[in-house]
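In my numbering, the protein residues as written are 697 to 1223. In this text, a Cβ means the ideal position worked out from N, Cα and C, and glycines have one as well. The structure displayed is predicted, hence computed values, not measured ones.
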């Protein structure tokens, strides 16, 4: 993208964000009637303004800029949670995390939890239509049974959390985050193929396997869910990109991510598949904001990862498909990661059983330019774990009262809120001017709406009628109480649930270890 085009896009994005923050959702109509290839590229902890086409002046992302200028960039794109696993579950299922049973960031003390096998993923829908499917990169939706990170050690692919059991023909990547020493063992399907790879070079491995999969399946429709581990901590750049940006090591990692996207697009063009392939780029949540402000930017929004300020949920959203999505489009229509499943379902002519609620919408009419009509009054719910913390309806966003005992361990936002806070996102995208006192009717309406949401999707102290049961995954009821609130952490003598706290780690790991042993025995008996 040349500088003029990049500046124009940045200007348009800025104007739309600052002036039209409260736009509604879309009418669901229209979709193409054949089978395109589909690639979803998911960044890890990338901030809203970490790309040069979204305003970054320190990080240069020419490939993503080009993808945006040749496609559609959303200024109003949302992820359902401010941490990894819940938003990934929503992306693949089209449902809120509470509805699909992944309300927490998984691994460590949450090792017994994962995406249950009765959920239907994008991969499962497309596989039924004849697609070859691959999950490349970071899974983070449950640890398969028997997995112990030993090279060439097999583990149980029949575990419901295994990607091969969630519709993916190929899994190549990592179960979760990197080890403290920076290693990130690579798995291909059931086997740990390399336990020496580190975060510094893992993107190269991901890209090589993704490109290989594209070439292997160039004659047939394929779906790739490409979930990067960049720019999540630890912040260690690839030597090839060390010092390339003005954004420090974090910026170097984002530029590596951009180069990875460029390599994938280049292969599609070389194989003459670019006009047959929809490529989607987004992030699982906003950037983690550190005290010294060295890593990531979510401006102009407040907060970041771990918070229900908009900086934790509002992320880049770029849709690229030459000849099908008009070039140079910048949309301020509201869209979310939950919209990907219903949009892709309609494009592929796939079917879903009528026994489940899908929270997303088909946005193909907007992407194709067939229908830009808004459907006003749609809402968005900001959960942190089991706790509903905020609700948005049109231009209004209400932060709900909360206290310490309701909070999850990763909470980085408001910790003790006595009275609700109301913000008009049309003219206050930074959520800095509380207008609750001036709008009591709006506050009361949204409080009533929030209670209805709690009744359906649950809260920290009550189950919801539409909330997924995760208790069957926990053989010890104490663990569920620990997951629910800080009060139980304090009863155990720890201030909060933190994977770095030895007492809680030891306590829960022993329970998790025993639970997993029992499950393996049950599987062995069945076989």
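Three-state secondary structure (DSSP) of residue 1012
strand
Suppose contacts are defined by Cβ-Cβ distances below 8 Å. Is residue 774 in contact with residue 1010 by that definition?
By the CB criterion at 8 Å, residue 774 and residue 1010 fall inside the cutoff.
Under a three-way DSSP split, which group does residue 1039 fall into? helix
Discussion item. If you reduce the DSSP assignment to three classes, tell me which class residue 857 lands in.
Written reply: coil
Problem set entry | Environment of residue 812 [buried if 16+ CB atoms lie within 10 Å] | buried
Just to confirm the assignment: which complete beta strand (DSSP E) runs, minimum length 3, are found wholly within the segment 820–844? 828–834
- Task: Have a look at residue 791 and residue 1037 and give me their C-alpha separation to the nearest angstrom.
- Result: 9 Å
Checklist line | Through-space distance from residue 1087 to residue 1135, alpha-carbon basis | finding: 15 Å
query = Is the segment 1018–1027 touching the segment 997–1007 in the sense that three or more CB pairs, one from each, lie closer than 8 Å?
reply = no
Quick one: complete alpha helix (DSSP H) runs, 4+ long, within the segment 853–937? Every alpha helix (DSSP H) stretch that sits fully inside the segment 853–937 and reaches 4 residues is listed by chain position as 898–912.
Mind checking who residue 978 pairs with in its DSSP beta bridge? DSSP output for residue 978 lists 738 and 1013 as bridge partner(s).
| Using the C-alpha atoms, what's the distance from residue 830 back to residue 909? | 8 Å
May I ask you to verify whether the segment 938–956 touches the segment 750–770, counting CB pairs closer than 8 Å and requiring at least 3?
Short answer: they touch.
Checklist entry - Are the segment 923–931 and the segment 862–876 touching by the rule of at least three beta carbon pairs closer than 8 Å? => result yes
Check whether residue 1095 and residue 1061 have beta carbons under 8 Å apart:
Taking 8 Å as the Cβ cut-off, residue 1095 and residue 1061 do not qualify as a contacting pair.
message = Please classify residue 933 as buried or exposed, where buried requires at least 16 other C-beta atoms within 10 Å of its C-beta.
response = So residue 933 counts as buried.
Requested in this report: Could you check what DSSP says for residue 744 in three-state terms: helix, strand or coil?
Outcome: Looking at residue 744 - three-state DSSP - the assignment turns out to be coil, as it is neither helix nor strand.
Nearest candidate by alpha-carbon position, reference residue 1114, set 1158, 1100 and 1064:
1100
TODO: Could you have a look at residue 1100 and say whether DSSP puts it in helix, strand or coil?
DONE: helix
Margin query: Our contact map puts residue 815 next to residue 789 with C-beta atoms below 8 Å; I'd like the distance itself, whole angstroms only.
Written below: With a Cβ gap of about 5 Å, residue 815 and residue 789 count as contacting.
For residue 818, name the three-state secondary structure that DSSP assigns.
helix
Problem - Residues bridged to residue 1031 [DSSP beta-bridge criterion] - result: According to DSSP, residue 1031 bridges with 773.
Give the DSSP-derived three-state secondary structure of residue 1089 in the structure shown. The answer is strand: DSSP assigns residue 1089 an E or B state.
field: Where the beta strand (DSSP E) containing residue 1118 begins and where it ends
entry: Counting along the chain, the beta strand (DSSP E) containing residue 1118 begins and ends at 1117–1120.
Check your understanding: Can you tell me the Cα-Cα spacing of residue 1035 and residue 795, whole angstroms?
Key -> 15 Å
Query - Option in 921, 866, 833 and 914 with minimal Cα separation from residue 881 - result: 833
For residue 783, is the classification buried or exposed, using 16 other Cβ atoms within 10 angstroms of its Cβ as the cut-off for buried?
Around the C-beta of residue 783, 16 or more other C-beta atoms lie within 10 Å, and the residue is accordingly described as buried.
Original post:
What is the rounded straight-line gap between the Cα of residue 1118 and the Cα of residue 1141?
Top reply: 12 Å
Residue 824 classed as buried or exposed, judged by whether at least 16 other C-beta atoms fall within 10 angstroms: exposed
Identify, in the order they occur along the chain, each residue of the same chain with its Cβ nearer than 7 Å to the Cβ of residue 895, setting aside the five sequence neighbours on each side. 874, 878, 880, 925, 930 and 932
**Item:** Assigned secondary structure, residue 950 (DSSP; H/G/I helix, E/B strand, else coil)
**Value:** helix
_By the DSSP assignment, the alpha helix (DSSP H) with residue 1140 in it spans what residues?_
Element bounds for residue 1140: 1136–1153.
- Should residue 1053 be labelled buried (16 or more other beta-carbon atoms within 10 Å of its own) or exposed? exposed
- Status (buried if at least 16 other CB within 10 Å, exposed otherwise) for residue 730: exposed
From 1051, 1043, 1063 and 995, residue whose alpha carbon lies closest to that of residue 1022 | 1063
Practice problem: With DSSP as the reference, please indicate the residues paired to residue 760 in a beta bridge. | Solution: DSSP lists no partner for residue 760.
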